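See below for the structure under consideration.
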Amino acid sequence: MNKKEAEDRGQKKRLILLIGLLCMLMPAAVFTAACGAALEDGQEETQTQIPEERPELVLENFLTEDGNLDVAALQALNGECYAWLEIEGTPVSFPILQPSEDLSWYLSHDFWGGEDDNGCLYTEFYNSMDFQDPNTVIYGRNTDSRFGMLHQYQDRSYFDEHREIRIYLADRVLTYRIFAAYTYDDRHLIMTYDFWDANIFSGYLADVFSQRQMDAFIDDSMEVTVEDRIITLSTGVTGQSEKRYLVQAVLVSE
Numbered sequence: 002m003n004k005k006e007a008e009d010r011g012q013k014k015r016l017i018l019l020i021g022l023l024c025m026l027m028p029a030a031v032f033t034a035a036c037g038a039a040l041e042d043g044q045e046e047t048q049t050q051i052p053e054e055r056p057e058l059v060l061e062n063f064l065t066e067d068g069n070l071d072v073a074a075l076q077a078l079n080g081e082c083y084a085w086l087e088i089e090g091t092p093v094s095f096p097i098l099q100p101s102e103d104l105s106w107y108l109s110h111d112f113w114g115g116e117d118d119n120g121c122l123y124t125e126f127y128n129s130m131d132f133q134d135p136n137t138v139i140y141g142r143n144t145d146s147r148f149g150m151l152h153q154y155q156d157r158s159y160f161d162e163h164r165e166i167r168i169y170l171a172d173r174v175l176t177y178r179i180f181a182a183y184t185y186d187d188r189h190l191i192m193t194y195d196f197w198d199a200n201i202f203s204g205y206l207a208d209v210f211s212q213r214q215m216d217a218f219i220d221d222s223m224e225v226t227v228e229d230r231i232i233t234l235s236t237g238v239t240g241q242s243e244k245r246y247l248v249q250a251v252l253v254s255e
C-alpha cells in the first residue's frame, strides 16, 4: 500500500468515526431540546393553573377613607357590583349586584362567576341602582350563608334587636330601619305594583301593616308613607315554593 492510499484510508476512517460520533450525539441533543421544551410547556401550564389571588370579600377591604364603598375596586373584580348591604349585629354583609342580561344568573353563581348554589345578593333592572325608587327589592337565596339568615326575624326578640340596615354606595351610606318581616306570596312585587303611583303605594303599605300571620312582626309605631323610600329583602321559604319571606326597612338617613 503506497503512502497516498494509506492517507486516503485514514481520512475515510476518520470520516466514519466522525459520522458515528454525530449519530450518537444528535439523539441526545434532540432529547435534551425536547425535554427543555416540555419543561417550559409544563412551567407555562403550571403558571396558568395557579388561580389569580382573590381578595377576601369583606366590607372592610372595600371602604374608602371617608367610609363610603370603593365601588371601582369591586367593579374591577365584577363590573355588575354597585353596592354593599350590611345588617348591623348580624353576619349579613354582602355585595349587591345587578345582572345586565340573565336576571336569574346570581341565583346560581357567585361573585366570581362560578357556579354556586348560594348565589349572590342582587337587584333586577326594574330598580335603579341609586336606591331612589319607592321600593327597591333585593333578592338572595334561602341558604344558611345568604338570605336564609333572614328567617331569624321570625323570632320576636331577634326582630327587636336587629333593626338597622346599611347600604354602602360610592358617594354615601344609606341607613334603614326594619319595620316589617313576614311571609308573603311569590308575586313579583315590582311587576305587580306601580310604586311610583302614590295611591297604589299607599294601598300596598296598608296591606303590609295589616299582616297578622303568626310569624309576622310589624312595628306599628313606625310611620311609613308614600314619601318614604323602602327596601325589601326577599328570599324563599323552605318547602313552600309559592311563598316568599320578606324583611322590609325604611330609609331614615343618608
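Numbering (the working numbering), first residue to last: 2 to 255.
Note that the Cβ used here is the ideal one computed from N, Cα and C, for glycine as well.
No experiment lies behind these values; they were computed from the predicted model shown.
Please return the same chain residues whose Cβ sits closer than 8 Å to the Cβ of residue i, not counting the five positions on each side in sequence.
{"i": "Glu116", "result": "Ser109, His110"}
{"i": "Asp187", "result": "Ser242, Glu243, Lys244, Arg245"}
{"i": "Leu78", "result": "Arg55, Pro56, Phe112, Trp113"}
{"i": "Ser203", "result": "Thr226, Val227"}
{"i": "Arg230", "result": "Phe132, Gln133, Asp134, Pro135, Asn136, Thr137, Val251, Leu252"}
{"i": "Asp221", "result": "Phe210"}
{"i": "Leu268", "result": "The requested residue 268 is not part of the displayed model; the chain covers only 2 to 255."}
For residue i, which residues in the same chain have their Cβ closer than 6 Å to its Cβ, ignoring the five residues on either side in sequence?
{"i": "Asp134", "result": "Asn128"}
{"i": "Glu224", "result": "none"}
{"i": "Leu190", "result": "Val138"}
{"i": "Leu104", "result": "Glu125"}
{"i": "Val93", "result": "Met150"}
{"i": "Arg173", "result": "Glu255"}
{"i": "Arg164", "result": "Arg178, Ile179"}
{"i": "Thr91", "result": "His163"}
{"i": "Gln155", "result": "Asp216"}
{"i": "Gly141", "result": "Leu122, Arg147, Phe148, Thr236"}
Looking at the structure shown, is residue i part of a helix, part of a strand, or coil, going by DSSP?
{"i": "Thr193", "result": "helix"}
{"i": "Asp216", "result": "coil"}
{"i": "Val209", "result": "helix"}
{"i": "Leu58", "result": "coil"}
{"i": "Gly204", "result": "helix"}
{"i": "Leu108", "result": "helix"}
Select from the options the residue whose C-alpha is nearest the C-alpha of residue i.
{"i": "Ala181", "options": "Ile232, Leu175, Val227, Ile139", "result": "Ile232"}
{"i": "Gly80", "options": "Gly68, Gln99, Glu66, Thr91", "result": "Gln99"}
{"i": "Tyr107", "options": "Asp198, Thr91, Phe132, Asn143", "result": "Asn143"}
{"i": "Leu75", "options": "Ile179, Ile88, Leu58", "result": "Leu58"}
{"i": "Asp198", "options": "Asn136, Asp156, Ser222, Ile179", "result": "Asn136"}
{"i": "Ile97", "options": "Glu66, Thr91, Leu60", "result": "Leu60"}
{"i": "Gln249", "options": "Asp67, Ile179, Ser101, Glu66", "result": "Ile179"}
{"i": "Ser101", "options": "Met130, Glu89, Ala73", "result": "Met130"}
{"i": "Asp161", "options": "Val72, Tyr205, Glu89", "result": "Glu89"}
{"i": "Thr184", "options": "Leu175, Asn69, Phe95, Leu247", "result": "Leu247"}
{"i": "Leu68", "options": "Asp145, Phe95, Leu175", "result": "For the record, residue 68 in the displayed sequence is Gly; it is not Leu. Nearest of Asp145, Phe95, Leu175 to Gly68, Cα basis: Leu175."}
Taking 7 Å as the limit between beta carbons, can you name the residues of its chain near residue i, skipping five residues before and five after?
{"i": "Tyr159", "result": "Gln153"}
{"i": "Asp195", "result": "Ile201"}
{"i": "Asp208", "result": "none"}
{"i": "Asp157", "result": "It should be noted that the sequence gives Arg, not Asp, for residue 157. Answer for Arg157: Phe218, listed in chain order."}
{"i": "Asp71", "result": "Phe63, Leu64, Thr65"}
Is the stretch 234-241 in contact with the stretch 147-158, if contact means three or more CB pairs nearer than 8 Å? yes
Check whether the stretch 75-85 touches the stretch 161-177, counting contact only when three or more Cβ pairs, one atom from each stretch, lie closer than 8 Å. Taking a cut-off of 8 Å for Cβ pairs, the stretch 75-85 and the stretch 161-177 touch, as three or more such pairs fall below it.
Indicate whether the contact test is met: 3 or more Cβ pairs, each with one atom in the stretch 200-214 and one in the stretch 117-127, closer than 8 Å. These segments do not touch.
Which runs of the alpha helix (DSSP H) fall wholly inside the stretch 120-173 and span at least 4 residues, in chain order? 157-162
Can you list the beta strand (DSSP E) stretches of 3 or more residues lying completely in the stretch 62-100, in chain order? Whole beta strand (DSSP E) segments, 3+ residues: 82-88, 94-98.
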